[in-house]
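The sequence shown begins at 1303 in the numbering used here and counts up by one.
The structure appears right after this line, and notes come after that.
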Amino acid sequence: MRIARTRADAGCAVVVVMHDLGLAAAYGDRAVILCEGRVHSNGPTRDVITSGALSEVYGLPVTVIDLPGTTHPVVVPAR
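Right, dumping it as structure tokens:
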């Protein structure tokens, strides 16, 4: 991820596909959530990775919280 950040800081477009929402929230400047092959949400990571959007896409309760000492949202799936 360090190389991707270095390239992005240099003005290059960097696209990373991942299913780990924690990593996406921690490192992404922008995020796109796909649902059934279509774009569900697209925009700044903090605006896209939300409890409402993730709960809707997964059909399960998902909580997204801010933890003290972190700079990104943390995804907490319900059990």
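The C-beta atom is built at its ideal place from N, Cα and C for all residues, glycine as well.
- A distance below 6 Å between beta-carbons, with the five flanking residues on each side excluded, links PRO1379 to the following residues of its chain, in chain order: VAL1364.
- Contact annotation: LEU1323 and MET1303 have beta-carbon atoms that are not nearer than 9 Å.
- Under the three-pair Cβ rule at 8 Å, the segment 1334-1353 counts as touching the segment 1365-1379.
- Membership of ARG1309 in the alpha helix (DSSP H) is indicated by the continuous run 1304-1311.
- SER1353 has no beta-bridge partner at all, per DSSP.
- Closest by C-alpha distance to VAL1319, out of TYR1360, HIS1374, ASP1311 and TYR1329, is TYR1329.
- C-alpha of VAL1341 to C-alpha of PRO1370: approximately 31 Å in a straight line.
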